[in-house]
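Asks:
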Amino acid sequence: MNLIERASGNHVLKDLVLSVRSVLTVELEPEKWAPSVARILRPFLGNPGLLTLEQRQPDPERYRQHVLHVEETGAFSIVALVWLPGQSTTVHDHLSWCVIGVHQGREHETSYEVIREGGDEYLLPIGESTHRAGSVAALQPPGDIHTVHNPGPGTAISIHVYGVDVRKLGSSIRRRYDLPVVEPVPLSFQRAVAS
44 MNLIERASGN HVLKDLVLSV RSVLTVELEP EKWAPSVARI LRPFLGNPGL
94 LTLEQRQPDP ERYRQHVLHV EETGAFSIVA LVWLPGQSTT VHDHLSWCVI
144 GVHQGREHET SYEVIREGGD EYLLPIGEST HRAGSVAALQ PPGDIHTVHN
194 PGPGTAISIH VYGVDVRKLG SSIRRRYDLP VVEPVPLSFQ RAVAS
């Protein structure tokens, strides 16, 4: 059974697939796809019929990817990521737009900017947020460098809609950043040094 047939057996997932397909067909401006898909994903989050028991299963070693649907044209993929407490991604960015919705639990995200000075490159944290069940985020490259982890206490599940064919590519990741992270100097310290 292929991914398209599997989605058609799950009416909740089928409705999500049809909704995403509709956005990509009706919305003519690609830069609006991620925000539009984010709006339609939100009502599906937390729906117990969206995932099968098998698609909710974690991996004891690292977060686990369950491919739920890949559009026949390769225009988009829908994936569930299942995270045990403490599991995380590497620092990475994406090949295309993507939408992330927290289906269960919570996820902590840290965003980065690559700083280049002389011949050196490093990562500067530019933001942190914790996303709880029901929250949705839309990412649009470039500038989507981040890492995500499950801070616990329970299992987290997130639904990802990527504007790529994960069946062909294996994931939506464009680049993994194995660079040193430099923490910004606290503002209070900057003020003390300046006075």
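In terms of the working numbering, the sequence shown is numbered consecutively and its last residue is 238. Heads up, the beta-carbon is just placed ideally off N, CA and C, and yes, glycines get one too. Everything numeric in this text was worked out from a predicted model, so none of it was measured.
When the Cα of R219 is compared with those of H203, V142, T133, which residue comes out closest?
Replies: Reading the sequence shown from its first residue, position 176 is the one you call residue 219. Considering only alpha carbons, the answer is T133.
Asks: Between R82, L71, V179, which has its C-alpha nearest H151's C-alpha?
Replies: Taking the sequence shown and counting its residues from 1, the one referred to as residue 151 is at position 108. If we check each option's Cα against that of H151, V179 comes out closest.
Asks: Flag this pair as yes or no: are the beta carbons of L182 and V224 separated by less than 8 Å?
Replies: What you label residue 182 is simply residue 139 of the sequence shown in a count that begins at 1. What you label residue 224 is simply residue 181 of the sequence shown in a count that begins at 1. One thing to note: L182 has its Cβ no nearer than 8 Å to the Cβ of V224.
Asks: Label Q147 either buried or exposed according to how many other C-beta atoms from any shown protein chain fall within 10 Å of its C-beta, with 16 as the threshold for buried.
Replies: Here residue 147 refers to the residue found at position 104 when the sequence shown is read from its first residue. Buried, because 16 or more other Cβ atoms sit within 10 Å of the Cβ of Q147.
Asks: So, at 6 Å on beta carbons, what are the nonlocal neighbours of Q98 in its own chain, with the 5 sequence-adjacent residues on each side left out?
Replies: To locate residue 98, count along the sequence shown from 1; it is residue 55. The residues are H109, A123.
Asks: Do you know how far the Cα of C141 is from the Cα of S131?
Replies: As a first step, residue 131 must be located in the sequence shown, where it is residue number 88. As a first step, residue 141 must be located in the sequence shown, where it is residue number 98. Roughly 18 Å between the two C-alpha positions.
Asks: Taking 8 Å as the cut-off, does the segment 157-164 touch the segment 101-120 (at least 3 CB pairs, one atom from each stretch)?
Replies: Using a Cβ-Cβ distance cut-off of 8 Å, the segment 101-120 and the segment 157-164 are not in contact, since fewer than three pairs of beta carbons, one from each stretch, lie closer than that value.
Asks: Taking the beta strand (DSSP E) that H142 belongs to, which residues open and close that run?
Replies: Taking the first residue of the sequence shown as position 1, residue 142 is located at position 99. Before going on, a small fix: residue 142 reads as Val here, not His. That run of the beta strand (DSSP E) goes 141-147.
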